[in-house]
Amino acid sequence: MSFNHLLTWMSARGCGSWAQFRAAVERYHVEFAEHEQDEEIADDVTASDLPIYQVARLNLERLAHVEFFSPRAGADWRVVPPSLAVHKEGDQWVGILCGARPPDLCERIEKKVVIKKTQAARGIPMPDCIRLLASDLAKIESAAKAGELHVQIEAPTSILAAIPPVDDPRSYVPADAPTVPGWSIERFLPSKLRWTAQNHQNEKDLEFGDLVDCQTGLFRCRMRHQRIHYLRWQGRTYRVNVQVGKYAVLRRQRIRNLLKYDSHRSILSVPVNCRPPPLVERGLVLCTGLLPVIDKATGRLEYTVPQEIARLAGWSLRQEINGP
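Counting the sequence shown from 1 gives a position; the numbering used here is that position plus 992.
Here's what the structure looks like:
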């Protein structure tokens, strides 16, 4: 129940500082599963040496409950206003409850629609998922009015359709990689889906000059707990989100089964170390209101999504989708 308590506390405050958030995570004894503690996938699953409050931050963002900002924004985090991410499943309408959760919210809307609460599976760090079910959209809208909820119709589609593809340089931020001593440099190998600290040409440790000389590639600069990712794209350097950078360089590779879709189970899966970028993942997560699960047998993250949503995600990631 700790994640529910954390979201209730954040809903009451509305916004706050990073220090307050960290203290609340510790106060409510938020925990996460041991299977996320893996050095190689730390960039994508927020594991290994990353503390639990970073896991909590990313999962609350993935579920569209809270947005986190730089200190210049006036607050380090703000709770999203109570909202419904609405889409149609078969012959019924579904609204995923996102954002703040006032204590009396469910009481205000339960007479209008069917409310289905789903507790997170053991070890998955997230609040309970609350879904509103109705046979027609008017009932969902009536419940939203009673609960003073913002409504986003076809939210997963709207999010994915608005995201630029990962190889669009207009969404990159130009930046210079650090040249001061103390930083270690690694390069992502698209063909092997892993990082290396060695220059494959001379088998020496990568240096700053290797980054600058590269025309296209993804690099990771590390110092203690800090990780900064730089994409070299057509001879220019950009600071990027690691998942965006990975899929940008993977755009040039023909890696079979990177994205797989099982139409019988409505499951889109990706390798655990190739998690989709945050906004793409939000579009996928809002189809169910649940975080993806890891299939330990295949080492892949699984998202339950309709086929048309999987296709939109594939377009944004610039990857072909293979069948089962």
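Beta carbons: idealized from backbone N, C-alpha and C, even for Gly.
Tell me the residue span of the alpha helix (DSSP H) that contains residue i.
{"i": "Ser1003", "result": "Ser994 to Arg1005"}
{"i": "Cys1098", "result": "Leu1097 to Ile1101"}
{"i": "Pro1148", "result": "Ala1147 to Ala1154"}
{"i": "Ile1247", "result": "That residue, Ile1247, is in no alpha helix (DSSP H); it is neither H nor E in DSSP."}
{"i": "Val1086", "result": "That residue, Val1086, is in no alpha helix (DSSP H); its beta strand (DSSP E) goes Gln1084 to Cys1090."}
{"i": "Glu1018", "result": "Trp1010 to Arg1019"}
{"i": "Ala1126", "result": "Ala1126 -> not in any alpha helix (DSSP H); beta strand (DSSP E) instead, spanning Cys1121 to Ala1126."}
{"i": "Ile1317", "result": "Only positions 993 to 1316 of the chain appear in this structure, which leaves residue 1317 out of reach."}
{"i": "Ile1116", "result": "Segment: none, Ile1116 is in no alpha helix (DSSP H) and carries neither H nor E."}
{"i": "Arg1274", "result": "Pro1270 to Val1277"}
{"i": "Leu1304", "result": "Gln1299 to Leu1309"}
{"i": "Arg1049", "result": "Ile1044 to Arg1054"}
{"i": "Tyr1239", "result": "Val1234 to Leu1242"}
Report yes if the C-beta distance between residue i and residue j is below 9 Å; otherwise report no.
{"i": "Pro1119", "j": "His1221", "result": "no"}
{"i": "Gln1299", "j": "Pro1268", "result": "no"}
{"i": "Ser1261", "j": "Leu1293", "result": "yes"}
{"i": "Glu1146", "j": "Val1078", "result": "yes"}
{"i": "Ile1151", "j": "Leu1076", "result": "no"}
{"i": "Asp1159", "j": "Ala1240", "result": "yes"}
{"i": "Cys1206", "j": "Arg1224", "result": "yes"}
{"i": "Cys1266", "j": "Lys1238", "result": "yes"}
{"i": "Ile1177", "j": "Ser1308", "result": "no"}
{"i": "Ile1259", "j": "Thr1149", "result": "no"}
{"i": "Gly1315", "j": "Thr1110", "result": "no"}
How many angstroms separate the CA atom of residue i from the CA atom of residue j?
{"i": "Arg1093", "j": "Thr1000", "result": "6 Å"}
{"i": "Ile1116", "j": "Tyr1295", "result": "14 Å"}
{"i": "Trp1175", "j": "Arg1214", "result": "5 Å"}
{"i": "Glu1018", "j": "Asn1051", "result": "16 Å"}
{"i": "Glu1053", "j": "Ser994", "result": "17 Å"}
{"i": "Arg1248", "j": "Gln1311", "result": "10 Å"}
{"i": "Gln1190", "j": "Ser1183", "result": "15 Å"}
{"i": "Ser1127", "j": "Glu1081", "result": "10 Å"}
{"i": "Leu1141", "j": "Ile1088", "result": "11 Å"}
{"i": "Gly1091", "j": "Thr1188", "result": "39 Å"}
{"i": "Glu1059", "j": "Thr1208", "result": "31 Å"}
{"i": "Ser1009", "j": "Val1277", "result": "26 Å"}
{"i": "His1217", "j": "Arg1231", "result": "17 Å"}
{"i": "Gly1306", "j": "Ile1313", "result": "6 Å"}
{"i": "Thr1038", "j": "Leu1210", "result": "Only weak support exists for where Thr1038 lies, its pLDDT of 40 falling under 50; the value from the coordinates is given anyway. Each residue's Cα considered, the two are about 18 Å apart."}
{"i": "Lys1131", "j": "Trp1085", "result": "9 Å"}
{"i": "Ile998", "j": "Asn1233", "result": "The identity of residue 998 in the sequence shown is Leu, whereas the question assumes Ile. Approximately 26 Å between the Cα atoms of the pair."}
{"i": "Gln1144", "j": "Pro1173", "result": "48 Å"}
{"i": "Ala1015", "j": "Ser1062", "result": "18 Å"}
{"i": "Gln1193", "j": "Arg1246", "result": "23 Å"}
{"i": "Asp1030", "j": "Pro1284", "result": "Below a pLDDT of 50, predicted positions are generally treated as unreliable, and Asp1030, at 45, falls in that range; no measurement from the model is reported."}
Could you give the residue range of the beta strand (DSSP E) that holds residue i?
{"i": "Arg1214", "result": "Gly1209 to Met1215"}
{"i": "Arg1231", "result": "Arg1228 to Arg1231"}
{"i": "Lys1109", "result": "Val1106 to Thr1110"}
{"i": "Arg1292", "result": "Arg1292 to Thr1296"}
{"i": "Ala1077", "result": "Ser1075 to Glu1081"}
{"i": "Lys1196", "result": "It is not in any beta strand (DSSP E) - Lys1196 carries neither H nor E in the DSSP assignment."}
{"i": "Leu1181", "result": "Ser1176 to Leu1181"}
Can you tell me which of the options puts its alpha carbon nearest to the alpha carbon of residue i?
{"i": "Leu1129", "options": "Asn1191, Asn1233 and Val1105", "result": "Val1105"}
{"i": "Ala1048", "options": "Phe1013, Phe1061, Lys1080 and Asp1068", "result": "Phe1013"}
{"i": "Pro1157", "options": "Ser1062, Arg1243 and Val1297", "result": "Arg1243"}
{"i": "Arg1123", "options": "Tyr1230, Leu1097 and Ile1107", "result": "Ile1107"}
{"i": "Gly1275", "options": "Arg1005, Asp1202 and Leu1055", "result": "Leu1055"}
{"i": "Leu1125", "options": "Trp1225, Glu1102, Gln1144 and Ala1112", "result": "Glu1102"}
{"i": "Leu1181", "options": "Arg1212, Pro1161 and Pro1173", "result": "Arg1212"}
{"i": "Asp1287", "options": "Arg1100, Pro1263, Pro1148 and Asp1068", "result": "Pro1263"}
{"i": "Pro1161", "options": "Arg1228, Ala1004 and Arg1179", "result": "Arg1228"}
{"i": "Leu1097", "options": "Trp1069, Gly1315 and Gly1139", "result": "Gly1139"}
{"i": "Arg1005", "options": "Glu1099, Ala1113, Glu1273 and Pro1095", "result": "Pro1095"}
{"i": "Leu1203", "options": "Gln1193, Arg1179, Asn1194 and His1192", "result": "Arg1179"}
Task: Cβ pair count under 8 Å reaching 3, the region 1156-1170 against the region 1128-1141 - done: Flag = no, the region 1156-1170 and the region 1128-1141 do not touch.
Open item on the list: For the structure I just gave you, are there three or more beta carbon pairs, one from the region 1191-1200 and one from the region 1247-1257, closer than 8 Å?
Closed with: In this structure the region 1191-1200 does not lie against the region 1247-1257, because fewer than three pairs of beta carbons, one per stretch, are closer than 8 Å.
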